[in-house]
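Input: a single structure, listed below in structure tokens.
Protein chains in written order, with the working numbering: chain H, 1 to 347; chain F, 1 to 563.
In structure tokens, the structure reads:
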């Protein structure tokens, strides 16, 4: 009895010492803040952030989120005095632009070997490592289409038909990564001349160019427009929520880009940046990505998304990231010249 | 004996003079650093290349060579003029009803007319989408026209600018001499003639002032066109796109300078006109008391009720939209749109940040503004410093929020500036907001102080009481209503403002009003409406508290005003 009591006492003392010690050590190594620039969707970030901070309790993410084009522009503007430590979930084409400016720090995250070769910069150590792939998808509002007697399009070419005049919304490629992958894939698929001719014709049918890549699908989901040129995650999420939309995967093939991670050269919190790069290639992280995207960096983790065909990967067109990055500025300037001068799209 | 007594008195007089001088100098310096230097940084940056070399007006030339710019300038002017005409005409009739008639429910009508002050300017845009968008409740009223564009901007600006026009015009119209009206009536003047020769001339300066203020608000606002402008490009949107979208700060500075132009012109013209205003009320005036007149009162009441209803519909639409699960296909009630943490804009944290920012702005802003106004009006030390305070205090009125925000980027994000530690902190949001709303707060304080007899200071001084004791024990208690008005004005303005802070927030200092903008940008319009309504509820609750509190306070601290 006595022995038990003193044993209990001892355990209590040990527990107290352990707790105080533990608390003390947590106190001692105050959290470091890592500045993360990202274009991930807002409704994905929270789950990723929570998981990361659970794995690395000593690191706190300070997240600057915006559309791909804006994150890219911000990073380029801050080139001489970088505010970001790490870029996370930003289009690979944008990371190649930053790389071209010499802004990235090469780093081989722990566990890099498991990553599919397609998902990493071939150099060793790599300057960027991919996370997942997102692809062009049309959101087609069936209720509004039926009301207006508008047929369901099957291909990109269909979208230029006069019946869709003023019914289509697409993201502005200057601000949206989804918008840029559309334009870049059309140019790569159809060639320069035909590609711009296609966009001229499409422009006649566009109701408005939006800031974000999600917004076209949201506008189609709420019936403001009939067709939104968007991407598969937002399309699937809206249909799951009950939006009266069909997901359409144009038959010529789908443009895509890759969300990827890279460390900024001269990062003030290099250690935190590396931890995020490490975490980004873990199985845990990839399983979280797989909830939102069908094709992810680690083999065997990806699984089909609801309402998205299982063979999505096969429907992707060839995308030459290097070409897209090298021509990004030129393409955007041309696009701006042609379509951003705010003439009424209908006239 | 007397010499011994005089020496310490002199010393304490010296001391108090030096405290006054130091306070004036500190305040003048603070205004120079937060108003003058940032504006200088902005204007000079527009004349520099990206690398920082002086290039004269090359940026301006390049800007005007971009296609579509001419159209943005014209669009801005057209929409601002149209908003001015619509808003001021409606507001004039409304204010006429409030001041020159005996129509019922004046208090309620005035409260509704001022309600738009509680909302960020993005709210009318959002509500108009729900009302007149392609799936809008009242879409049929659009007769096939599109709400995205000039019509939407015009309606949104009218909502947003209405309270400013009402405040100016009710003040102007309530100053009128009964004797003039009696004379006109006894001379047999027709009603129209009295309106033309007595009413209008009396309200002339108020009308001009209202036009300038509304024009400036409409041309510099970017909340409404951001949400509902569609293809219709205006200058305010252009600044935002250049700076946030393309991170092209030089071009942003160029457009800012252009936006500064109409605001400064309007402001100068307005203060010129005001100087001409002669006192309408002399000691012998008899305050105008409208007599009941069935027909006139009835018509005015119907008009005001319709306008008030329109304002309420806009607010109620936004409130309702935030509870509908999936407009227009699933009309179930749902609280999910208030789950801000899974949306753009910073989640609930942004809302709490806004409250924190508004509290700091109200507390620090009121103290600084009132002390500044006191020193510049009542002190007689350091004339140059007081002059600087008076001049710099009215400058912010002429500086649009977007321009101020960009100026702060240039000034505070310069590594060579020791104040750059403030960049990306809560402090810079508070400072920019105080400065942005400084002028109105300052003028309110000055008006209150001018009503107080300078004898107070003279009596205090002759009794050997230092000025700061007179200030603390007499001035502050007597001016308490004005002080509370200032603090409430600063709080509500800080809750609703978007324009200056949109360039200055950092991930951990995201604000509710900016979250509205970002959620709308991502196409999450229902959560954007929900957050906008959170701002309205908060501002309304604070106003209500203020109203209840001041009723009690007025009874206690203002008893001296009666007999």
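All residues carry an ideal CB built from backbone N, CA and C; glycine is no exception. These numbers were taken from a predicted model, which means no experiment stands behind them.
Close Cβ partners of residue i (< 6 Å) along its chain, the five nearest in sequence each way excluded
i                      : result
residue 139 of chain H : 217, 220, 228, 230, 235, 245
residue 180 of chain F : 198
residue 21 of chain H  : Residue confidence for residue 21 of chain H is low, a pLDDT of 46 falling below 50, so the modelled location carries little weight and cannot support an answer.
residue 524 of chain F : 343
Cα-Cα separation between residue i and residue j, rounded to whole angstroms
i                      : j                      : result
residue 542 of chain F : residue 488 of chain F : 8 Å
residue 36 of chain H  : residue 527 of chain F : 25 Å
residue 146 of chain F : residue 105 of chain H : 49 Å
residue 305 of chain H : residue 518 of chain F : 27 Å
residue 28 of chain H  : residue 262 of chain F : Because the pLDDT at residue 28 of chain H is just 45, under 50, the model does not fix this residue reliably, and the value given afterwards should be weighed accordingly. Approximately 56 Å between the Cα atoms of the pair.
residue 187 of chain F : residue 373 of chain F : 46 Å
residue 342 of chain F : residue 47 of chain H  : 9 Å
residue 205 of chain H : residue 143 of chain H : 19 Å
residue 319 of chain H : residue 255 of chain H : 7 Å
residue 191 of chain F : residue 182 of chain F : 12 Å
residue 325 of chain H : residue 257 of chain H : 11 Å
residue 346 of chain F : residue 355 of chain F : 14 Å
residue 166 of chain F : residue 321 of chain F : 28 Å
Under 8 Å by beta carbon: chain F residues contacting residue i
i                      : result
residue 223 of chain H : 134, 135, 328, 329
Reduced DSSP category for residue i - H, G, I as helix; E, B as strand; rest coil
i                      : result
residue 258 of chain H : strand
residue 289 of chain H : helix
residue 102 of chain H : coil
residue 171 of chain H : strand
residue 61 of chain H  : strand
residue 26 of chain H  : Any reading at residue 26 of chain H must be qualified, since the residue scores a pLDDT of 44, below 50, and its modelled position is unreliable; no value is offered.
residue 377 of chain F : helix
residue 195 of chain H : helix
residue 157 of chain H : helix
residue 246 of chain H : strand
residue 332 of chain F : strand
residue 95 of chain F  : helix
residue 386 of chain F : helix
residue 564 of chain F : Nothing in the structure corresponds to residue 564 of chain F, since chain F is present only between 1 and 563.
residue 276 of chain H : helix
residue 473 of chain F : helix
residue 21 of chain H  : At residue 21 of chain H, the pLDDT of 46 sits below 50, so the modelled position is not reliable; the number obtained from the coordinates is stated separately. Residue state, collapsed to three classes: helix.
Extent of the continuous beta strand (DSSP E) run through residue i
i                      : result
residue 33 of chain H  : 32-38
residue 134 of chain H : 129-141
residue 325 of chain F : 324-326
residue 88 of chain H  : 86-91
residue 207 of chain H : 206-210
residue 182 of chain H : First-last for residue 182 of chain H: 177-190, but that is the alpha helix (DSSP H), not the beta strand (DSSP E).
Residues that residue i contacts on chain H, provided the C-beta gap is smaller than 9 Å
i                      : result
residue 230 of chain F : 207, 208
residue 343 of chain F : 42, 43
residue 415 of chain F : 81
First and last residue of the uninterrupted alpha helix (DSSP H) at residue i
i                      : result
residue 232 of chain H : 232-240
residue 228 of chain F : 223-228
residue 154 of chain F : 150-174
residue 122 of chain F : 122-132
residue 59 of chain F  : 58-65
residue 238 of chain F : 235-240
residue 450 of chain F : 438-450
Chain-order list of residues whose beta-carbon lies under 8 Å from that of residue i (same chain, five-residue window excluded)
i                      : result
residue 276 of chain F : 205
residue 102 of chain F : 290, 291, 292, 293, 297
Chain-ordered chain F contacts of residue i [CB-CB under 7 Å]
i                      : result
residue 219 of chain H : 523
residue 211 of chain H : 521
residue 214 of chain H : 522, 523
residue 241 of chain H : 326
residue 327 of chain H : Correct list: empty, because the minimum Cβ distance to chain F is about 18 Å.
residue 64 of chain H  : 507
residue 46 of chain H  : 341, 342
residue 94 of chain H  : Chain F residues near residue 94 of chain H: none, gap ~13 Å exceeds 7 Å.
Under 7 Å from the C-beta of residue i: neighbouring residues of chain H
i                      : result
residue 244 of chain F : 70
Under 9 Å by beta carbon: chain F residues contacting residue i
i                      : result
residue 76 of chain H  : 247
residue 244 of chain H : 329
Close-in-space but distant-in-sequence residues of the same chain around residue i (CB under 7 Å, 5 per side omitted)
i                      : result
residue 120 of chain F : 223, 496, 498, 513, 516, 532, 535
Residue i: contacting residues in chain H (beta-carbon distance under 8 Å)
i                      : result
residue 148 of chain F : 208
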